[in-house]
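Student:
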Amino acid sequence: MRYCKTFTGRVVVAPPDSMHNVDLILTLTAGLAFAVFLGFLALKVRLPPIVGYLVAGMLVGPNTPGFVANRAMAEQLAEVGVILLMFGVGLQFHLKHLLAVKRVAVTGALVQIATATGFGILAGRAFGWPWAAAAVFGVALSVASTVVLMRVLADHGDLQSQTGRIAVGWLVMEDIFTVFVLVLLPVIFAPTQRSSLPATFLLAGLKLAACAVLTLGAGGRFIPRLLSVAARTRSRELFTLTVLVIALGIAVGAAQLFGVSMALGAFLAGMVVGQSEFSHRAASEALPMRDAFAVLFFVSVGMLFDPYHLIHAPGQILATTAIVLLAKPLAAFMIVVVLGYGPRIAIRVAVALAQIGEFSFILATLGDQLRILPVGATAFLIAASILTIPLNPMLYRLTPALERALTSRARLRRLLRPRGVKAEQPESAAELEAQPLNAIIVGYGPVGQTVSRVLQERGISPTIIELNIETVRRLNSEGIRAVYGDAMQPDILREAGAASALGLIVSAPSPAESGELIRAARELNPKIRVLVRCAFLSQAMAMRWAGADEVFSGEAEVAMAMIEYILDDLGATPEQMDAERQRFRSALYAREPAK
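In structure tokens, the structure reads:
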């Protein structure tokens, strides 16, 4: 028995080895450290960071020499990552976006899932697995990675195109299907009495319905009010904590009260928050925490990989990869063409979906926990993901060449011609000119209100970014578009339309943060014109270095107003005042950034 003194001076009994049990800290530190290093390395060679995270898991896993992390603790941390990943999916799920492309997205996703699952079953049976294992393996192969798909589409400017809308809608359908599979697997493979399977299904259905009704119904009323209270405090920490408590609380509550998966509870919680006016701020401020835990999830999945399978089961790995790279995209291409879209859209959607990711690993992890999947199945999925994820951006860059090759033959060109659906065409100059002019104003104090009025009088539509929820509600009710959130977050800038905005006006002085805000806006839109307000002249140069086109200092403008008053009182002519004003501005506002 050991004793230790607390900071209050009291002596308490310390549990044996409590001071030396640092497995959690070691696992967390080593996992994240390896993930950071290999994530940077992956980016350096132009691969998605997820590849680095999986390799990091292999290096700290029990199947490679060197440090071995505590797998049980890594899985506990990964569970939080799964909850937050599912919360993020629900948060970004909008029924209207799915309905806009429902014909191709719903049909295509279901056909592709059936195709990939069918090939997965054939492969699993050929490997000597039971039917159940082969089916779960096939479903895991059918789901694409949200992270990879969004990154590929954004990098090629296709996220807001017809291709992007179809691919994202398709992915939403895959995610929804996966959620149902995650709910059903424990019901099918872990019932207490196998003989009463129909009754078990009925009971599970009732529990699922009760969970959905309670979360979407009661939660739809209570959660926005709770977030509104947190927003009124103007505390970023409290708002972030509130969102995390909602995600984790509903996930755990769904599992404890209704016996459904925590993933489903988190998904429903995300849907409730996503339909509220707080969705954008929740996504931008609370979900970075998701990214950290998601990394730990990928690390924990990588720990399951055994290099032994690369040597002794190359055929299984090649078969798995072939299903992802050939069967899945071919099914997607055929269904898009059959539904009347042109080869350009069909090829791009097919290639964008030719990879596997997060949900594949979530399904595999659940399959391992329920003892459905045999040893080695998860290793095949990891190997396939490591091969397909790096290849996906490269293949997407080849889509124009693939399109030219397919349409070079007259018969194929006639066969693939769009029928009944408007083909995707680049916007014409006339269409671009017809789009309304818009600018973003950060802050709606007296300066922001004045700038907004001037812009509207000249035919430019302002979008206000504001952290006061009451102001946002009032502006939206008056027909002025307002986004609730912190302009420092790229997601908030993107939602406000920074990618196509003429200008960004920072009307509130925030010198410590404006530099990052300017850089984030420039990344989204290099041509955007940025006007920034700062409090002191000493901050103006930093704003210019960050990329601001014009900087207005409160200190300098007061001095300018005083000089103009004095010159006018002394009888200076307008020409003299203009010359003095120009000289004053040149002296106070440095215009050349550091070399």
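When we follow the working numbering, the leftmost residue of the sequence shown carries the number 909, and every step to the right adds one.
Ideal Cβ placement from N, Cα and C applies to all residues, glycine included.
Nothing here was measured: the structure is a model prediction, and the numbers come from that model.
Can you give me the C-alpha to C-alpha distance between Ser1422 and Glu1403, rounded to a whole angstrom?
Tutor: If you take the alpha carbons of Ser1422 and Glu1403, they lie about 18 Å apart.
Student: Is Leu1412 closer than 7 Å to Ile1373 when the C-beta atoms are compared?
Tutor: No. Outside cutoff.
Student: From Gln1333 to Asn978, what does the alpha carbon distance come to, in whole angstroms?
Tutor: Interpretation of Gln1333 is limited by its pLDDT of 49, a score under 50 that renders its predicted location unreliable; the figure taken from the coordinates is listed afterwards. Rounded to whole angstroms, Gln1333 to Asn978 spans 53 Å at the Cα level.
Student: Classify Trp1037: buried if its beta carbon has 16 or more other beta carbons within 10 angstroms, exposed otherwise.
Tutor: Burial call: buried.
Student: Span of the beta strand (DSSP E) holding Arg1011?
Tutor: It is not in any beta strand (DSSP E) - Arg1011 instead sits in the alpha helix (DSSP H) that spans 1010–1034.
Student: Work out the CA separation of Val1414 and Gly1032 for me, nearest whole Å.
Tutor: Going from the Cα of Gly1032 to the Cα of Val1414 covers about 58 Å.
Student: Does the stretch 1130–1140 come close enough to the stretch 1150–1158 that 3 or more CB-CB pairs lie under 8 Å?
Tutor: Because the criterion of three Cβ pairs below 8 Å is met, the stretch 1150–1158 and the stretch 1130–1140 touch.
Student: Put Arg1491 into one of helix, strand or coil per three-state DSSP.
Tutor: Correct three-state label for Arg1491: helix.
Student: Please state the DSSP three-state secondary structure of Asn1376.
Tutor: Coil, per DSSP.
Student: Considering only C-alpha positions, which residue in the set Asp1399, Ala1450, Ile1377, Ser1461 is nearest to Ala1416?
Tutor: Checking every option, the nearest Cα to that of Ala1416 belongs to Ser1461.
Student: Below 6 Å CB to CB, which residues in the same chain sit around Asp1083 once its five sequence neighbours on both sides are set aside?
Tutor: If we look at Asp1083 and ignore the five residues flanking it on each side, its Cβ neighbours are Val997.
Student: Are there three or more Cβ pairs, one per stretch, closer than 8 Å when the stretch 1012–1021 is compared with the stretch 1071–1083?
Tutor: Touching, per the Cβ criterion.
Student: Do you know whose CA, among Ile1270, Ala1406, Trp1453, lies nearest Val990's CA?
Tutor: When each option's Cα is compared against that of Val990, the closest is Ile1270.
Student: So, with DSSP's three-state summary, where would you put Ile1349?
Tutor: Strand at Ile1349.
Student: Measuring alpha carbon to alpha carbon, tell me which of Gly1479, Ala1406, Ala1443, Leu1375 ends up nearest Arg1135.
Tutor: Checking the sequence shown, residue 1135 turns out to be Leu, not Arg. Comparing Cα positions, the closest option is Leu1375.
Student: Can you give me the Cβ contacts of Ser1268 inside the same chain, cut-off strictly under 6 Å, excluding the 5 residues immediately before and after it?
Tutor: Same-chain partners within the cutoff: Ala1048, Val1051, Leu1289.
Student: Less than 7 Å between the C-beta atoms of Tyr1304 and Val1259, yes or no?
Tutor: Result yes, Cβ atoms of Tyr1304 and Val1259 sit closer than 7 Å.
Student: Any idea which residues DSSP pairs Pro1370 with across the strands?
Tutor: Pro1370 is bridged to Ala1347.
Student: Val1244 and Leu999 look like a contact to me (Cβ under 8 Å); what is the Cβ gap, rounded to whole Å?
Tutor: Wrong, their Cβ atoms sit about 28 Å apart, outside the cutoff.
Student: Taking only the alpha-carbon atoms, compute the straight-line gap between Lys913 and Val930 and give it to the nearest angstrom.
Tutor: Unreliable placement is indicated for Lys913, whose pLDDT of 44 sits below 50; no coordinate value is reported for it.
Student: With distances taken between CB atoms, is the gap from Thr1286 to Ala1272 smaller than 7 Å?
Tutor: The answer is yes: Cβ separation under 7 Å.
Student: Taking Gly1283 as the reference, give the member of Leu1410, Ala1407, Gln1224 with the closest Cα.
Tutor: Just to set this straight, residue 1283 is Val in the shown sequence, not Gly. The candidate whose alpha carbon is nearest that of Val1283 is Gln1224.
Student: Go through its chain and collect everything with a Cβ distance to Gly1178's Cβ below 6 Å, but skip five positions before and after it.
Tutor: Result list for Gly1178: Phe995, Gly998, Leu999, in chain order.
Student: Return the chain-ordered list of same chain residues with a C-beta closer than 7 Å to the C-beta of Gly947, the five sequence neighbours on each side being excluded.
Tutor: These residues qualify, in order along the chain: Pro957, Gly960, Tyr961.
Student: Should the stretch 1357–1368 be called in touch with the stretch 1390–1406, which here means at least 3 C-beta pairs below 8 Å?
Tutor: Touching, no.
Student: Entirely within the stretch 1450–1478 and at least 3 residues each: give me those beta strand (DSSP E) ranges in chain order.
Tutor: You should have 1458–1461.
Student: So Gly1275 is in the alpha helix (DSSP H); what residue range does that whole segment cover?
Tutor: Element bounds for Gly1275: 1266–1277.
Student: Taking a contact to mean a Cβ-Cβ separation below 7 Å, would you say Val1359 touches Gly939 in this structure?
Tutor: Their beta carbons are not under 7 Å apart, which means Val1359 does not touch Gly939 by this criterion.
Student: Nearest to Leu1445 by alpha carbon, out of Ala1043, Phe1492, Glu1431?
Tutor: Looking at the Cα atoms, Phe1492 is the closest of the given residues.
Student: To the nearest angstrom, report how far apart Thr1123 and Leu1146 are at their CA atoms.
Tutor: One C-alpha to the other measures close to 22 Å.
Student: So, helix, strand or coil for Gly1167, using DSSP?
Tutor: Three-state result, Gly1167: coil.
Student: Helix or strand or just coil, what does DSSP make of Ile1388?
Tutor: Coil.
Student: Any idea what DSSP makes of Leu1314, helix, strand or coil?
Tutor: Three-state DSSP puts Leu1314 in a helix.
Student: I'd like the span of the alpha helix (DSSP H) that includes Ile1243, first residue to last.
Tutor: Per DSSP, Ile1243 belongs to the alpha helix (DSSP H) from 1236–1246.
Student: What are the boundary residues of the alpha helix (DSSP H) that Val1257 is part of?
Tutor: Unbroken alpha helix (DSSP H) run through Val1257: 1251–1260.
Student: In the DSSP assignment, find the unbroken beta strand (DSSP E) run with Val953 in it and report its ends.
Tutor: Where Val953 is concerned, there is no enclosing beta strand (DSSP E), given that its DSSP letter is neither H nor E.
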